[in-house]
Structures are given as C-alpha cells and as structure tokens.
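Read top to bottom, the protein sequences are chains A and B. Residue numbers are given in the numbering used here: position 63 of the first sequence equals residue 63, and the series is strictly consecutive. Residue numbers are given in the numbering used here: position 94 of the second sequence equals residue 1094, and the series is strictly consecutive.
Protein chains: 2
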Amino acid sequence: MARAGLTTERVTIAGADLADEVGLEQVTMSQVARRLGVKDASLYTHVRGLEDLRGRIALLAAGEKTLRIAEATVGLAGKDALVAFATAWREYAHQHPGRYTATQTPIDIDPELAAHAPGPRRAVELTYGMLRGYGLAEPDLTDAVRLLRSTFHGFVALEAAGGFAHARTPQRSWTRALDALHTLLEHWPPLDEGEPS
Amino acid sequence: MARAGLTTERVTIAGADLADEVGLEQVTMSQVARRLGVKDASLYTHVRGLEDLRGRIALLAAGEKTLRIAEATVGLAGKDALVAFATAWREYAHQHPGRYTATQTPIDIDPELAAHAPGPRRAVELTYGMLRGYGLAEPDLTDAVRLLRSTFHGFVALEAAGGFAHARTPQRSWTRALDALHTLLEHWPPLDEGEPS
DNA sequence: CCGCCTGCCTAGGGGCCCTAGGTTTTTCCT
DNA sequence: AGGAAAAACCTAGGGCCCCTAGGCAGGCGG
C-alpha cells in the first residue's frame, strides 16, 4: 500500500478546510481521515487527538487572519487603517467561518504548541500600531484595543449567529459602526474623577 | 419502578445546569439522563433530540438574561441605564457560562418553538428603550443597538476565551469601555456626505 | 544489500445518539 | 370503582465516533 504522505500540517489543513465547509462541530477524526483517504487511526501519528487538532486549526486560523490584516493595513494610518483592519477581520470570518470559529473557542491549546506560534504577538503589534495615530497613552491604549477587538469579534459572531435579523443590512451597520469607532477614538473620554485608573 | 416526573422544562433545566458546570459541549443526552436518574432513551419523550435540547437551553438562557437586564435597568436612563444593562449582560455570562454560550450558537432552533418565546421581542424593546435618552433616530438607532450588542457580546466572549491575558484587569477595561460607549452615543457621528444611509 | 524506523493498517473497547417495541404507571371516562 | 387508553420509562440494538494496541510493509542509513 502506497503511503499517503501525511504530515501534521496536512492533517491540520484538511481539518480546517472541513471546518469551513461543514462547521467546526462536524470536524471529526473520522471525517478528516476520510477526506485524506486514510483510516482514522492513522491520524494519531500526526496529531494527538481531536482536541489537539482543534487547537492546531485555531492556531493556523489565527495566523492566517493576522497575516490578512497585516497585508490590508500596511502603509495606512488613522481611519483608513481602522477600516482596513476591521474589514480584513470581518472578511476572514466570512470566508473561513469554521477556521474563525476555531479561534474563538476557550483556550485548551497545548501551551507548548502555542508558544511556538508567532501569531499572537504579531496581532497585538498590529492592533497597537493601528491606534498609533490616535494619540492614546496607556492604559487607555489597552482599553481601546480591547474595545475594538470586542466589537469586531462581537459583530461577526452575532452576524454568524443570525443576530441581525432583518431590514437593515449588516454591511450598512458595519460601516456606521466603524464611523462611530473612529469618532470615539478621536474623542476618547478622560477618566472621571474618583474613578480608578 | 417509580416515575421520575420528568417534563420538557425539567430536562431543559438539567441540561442548562450541566452546561454551566461542565460546558455546553459536554451536554450530552447520556449525561443529562444520568443527572436525572434516568436512561438516555427516556429523554426522547420530552425532547426531540440533542439539537432540540440545545435550542431549548438557548431559549431558556435568552429569556433569563433578558429578565435580568429588565430588572437591572428598570427606572434608569442615560448612562445609568447603559451601565446597568451592560453589567447585567456581562454578569449573566459570568454566572451562567454554559447557558450564555448556548445563546450564541448559530440558529438551529425550531422556528415554531422560537416563535412561542417572548424573549427576543422583549430584548429588542429593552435595548431601544435604553437608548431613548440619547436622542438617536433611525437608522442610527438600529446601528447603535447593533454596535452595543456586538461590543457587549464580544467582550464577554473574548473574556471567556482568555483573550484578555494579563496585566490590566478586564473589569477596568470594561468600565472604561462603557465610559467610551456613553461618550460615543452622545456624539454619534453624522453620515459622511456621499455615504449611503 | 539489509536492518529498522516509521507510516499506515486491522482489531477492538467504550461512549454517544437515536429508534423500536415492551411494560408499568397514571389518568380519565363511564 | 373498574377498566381502557395514554403516557412515562424501560431494554435492546444499530451506527458513528474517539482512541489504544499491536502488526506489516516501504523507504531510508549503514
């Protein structure tokens, strides 16, 4: 019997593709094996198990998403950067729903594996870089980053869950949300007196 | 053998409790049955299957969350209402992680079942009511509602996924995010010329 | 050329979802 | 109150899934 030539990476990609096509929930050892023309037991040479595979898909997706954002925002600043950043984020979620979902699962990733991934640090740098033009200083910078990430993620998550039912298209609301966030970043409120920093 | 006295509601609650304790993924027919002291096949009298159960948990949770928010915001307006609304939302997510997760799963709920639920309409009313004081008109109102929901949901989702790693506590960022959103609602940007409404 | 690591295999146990059909308990009608 | 009908719970079993154990063969290093 000829060998299938599997590697950890090929198994991960097969799982990620499957996730995009049929949903992350349906990504199963058996299905991935079937797609690769192999018996399910054979995957355990390359991947520790289903949890491990899911973690690897999440890391793969996070890296891809960060790369897309980096490409989209290079050379931009201010509102242009904000819009490019957010749009690249949303489009990645649309184009790769299964992969995107994988990135949002509670952290069960092998710490050692995660440590090898360059994605997270790069993502943080990108986000802070995008905000450079707004003149925020810590701790406002961190708070602004968290607010933006929350909004971007929340929007695409609600969109995917069918949360924006009728009438007005999500696209219009998205555009206006970015207008609003840009305005907000330009008028970031000072701390109320008495409020802890 | 004495009867266990199951009902659809009791099964749903058992599932919801289990979800909060061990995670929605672990909510399984067998586990729910075990918790109720019953064989798994017995549940099918009360619930159509796992999908159906998940949908019912989602509806239960959505109703509970809406109720909490309603109680928290009654009689309040302006920033007080915003903070109470958002905090009730976040606290529900903290106290009932499994239930909350159920509300965010892509829509696979039996439409007939969903139609009977009073939750969604009530939730919409609450949100629009909270914004009344800010003097927004459609379509800005809808866009603002969507932005707020996105941010609230995104924040708790990232928090749950371990997205706010170190250093600054999520609580501080949360407080500041609400400050920022309040400011934003008071200075909602007008449409750029040429931008479609 | 040959041993040997390693990729892929078969075999099998245990868990889960769900259906079919039986039995016992409760309800309700007369 | 008695009995039929309905409903609640059961056992049995098929199919899919995760994962482990152990075997065989293909392609590399000596």
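Backbone N, C-alpha and C fix where the C-beta goes; we use that ideal spot for every residue, glycine too. It should be emphasised that the depicted structure is a prediction, and the values quoted were computed from it without experimental measurement.
Taking the Cα positions, Leu-1158 (chain B) is about 22 Å away from Ile-1057 (chain B). Put simply, the stretch 1155-1169 of chain B does not touch the stretch 1065-1082 of chain B. Fewer than three CB pairs are less than 8 Å apart. In the three-state DSSP reduction, Val-74 (chain A) falls in the coil class, being neither helix nor strand. For the pair Leu-1024 (chain B) and Ala-1102 (chain B), the CB atoms are nearer than the 8 Å cut-off. The C-alpha of Met-1029 (chain B) lies about 18 Å from the C-alpha of Asp-1110 (chain B). In terms of beta-carbon proximity, Trp-1188 (chain B) lines the interface with chain A, with at least one pair separated by less than 8 Å. Each residue's CA atom was taken as its position, placing Arg-1132 (chain B) and Ala-177 (chain A) some 19 Å apart. One Cα belongs to Gly-1162 (chain B), the other to Ala-33 (chain A), and the distance between them is close to 31 Å. Ala-70 (chain A) sits away from Pro-1106 (chain B), with the two beta carbons spaced by 8 Å or more. Rounded to the nearest whole angstrom, the C-alpha separation of Glu-51 (chain A) and Ala-61 (chain A) is 15 Å. About 7 Å separates the CB atoms of Tyr-134 (chain A) and Glu-186 (chain A); that is less than 8 Å, so the two are in contact.
Shown here for Val-156 (chain A): same chain residues with a beta carbon closer than 8 Å to its own, the five before and five after excluded, namely Trp-89, Arg-90, Ala-93, His-94, Tyr-100 in chain order. Listed by position along chain B, the residues whose Cβ is nearer than 7 Å to that of His-153 (chain A) are Gly-1154, Ala-1157, Leu-1158. When only Cα atoms are considered, Arg-48 (chain A) and Asp-40 (chain A) end up about 12 Å apart. Listed by position along chain B, the residues whose Cβ is nearer than 7 Å to that of Arg-168 (chain A) are Pro-1139, Thr-1142.
Membership of Gln-1031 (chain B) in the alpha helix (DSSP H) is indicated by the continuous run 1029-1035.
If only complete runs of 4 or more residues are kept, the stretch 137-174 of chain A shows the alpha helix (DSSP H) at 140-160, in order along the chain. Residues of chain B with a Cβ closer than 7 Å to the Cβ of Asp-80 (chain A) do not exist; the shortest Cβ-Cβ separation is about 14 Å.
For Gly-135 (chain A), the secondary structure class from DSSP, reduced to helix, strand or coil, is coil.
The residue from A:Leu-184, A:Val-124, A:Leu-141, A:Trp-188 with its alpha-carbon nearest to that of Gly-63 (chain A) is A:Val-124. With a cutoff of 8 Å on beta-carbon distance, Gly-1119 (chain B) and Thr-1175 (chain B) are scored as not near each other. Distances from the CA of Asp-192 (chain A) to each of B:Asp-1192, B:Leu-1191, B:Arg-1172 were compared; the closest alpha carbon is that of B:Arg-1172. Leu-1082 (chain B) sits close to His-1182 (chain B), with the two beta carbons spaced by under 8 Å. Within chain A, no C-beta atom comes less than 8 Å from the C-beta of Thr-1127 (chain B); the nearest is roughly 12 Å away. Taking a beta-carbon distance threshold of 8 Å, Gln-1104 (chain B) counts as an interface residue toward chain A.
The three-state reading of DSSP puts Gln-1095 (chain B) in helix, counting H, G and I together. Counting along the chain, Val-22 (chain A) sits inside the alpha helix (DSSP H) bounded by residues 8-22. Around the beta carbon of Thr-12 (chain A), 16 or more other beta carbons sit within 10 angstroms, so the residue counts as buried.
B:Val-1145 is the residue among B:Trp-1188, B:Gly-1005, B:Val-1145 whose C-alpha sits nearest the C-alpha of Met-1130 (chain B).
Residue contact with chain A for Phe-1085 (chain B): absent (no Cβ-Cβ distance below 8 Å to any residue of chain A).
Within the model, the alpha-carbon separation for Gln-1031 (chain B) versus His-1096 (chain B) is close to 18 Å. Here Asp-192 (chain A) carries a coil assignment [DSSP, helix/strand/coil].
Just so you know, the alpha carbons of Glu-1021 (chain B) and Leu-1136 (chain B) end up roughly 41 Å apart.
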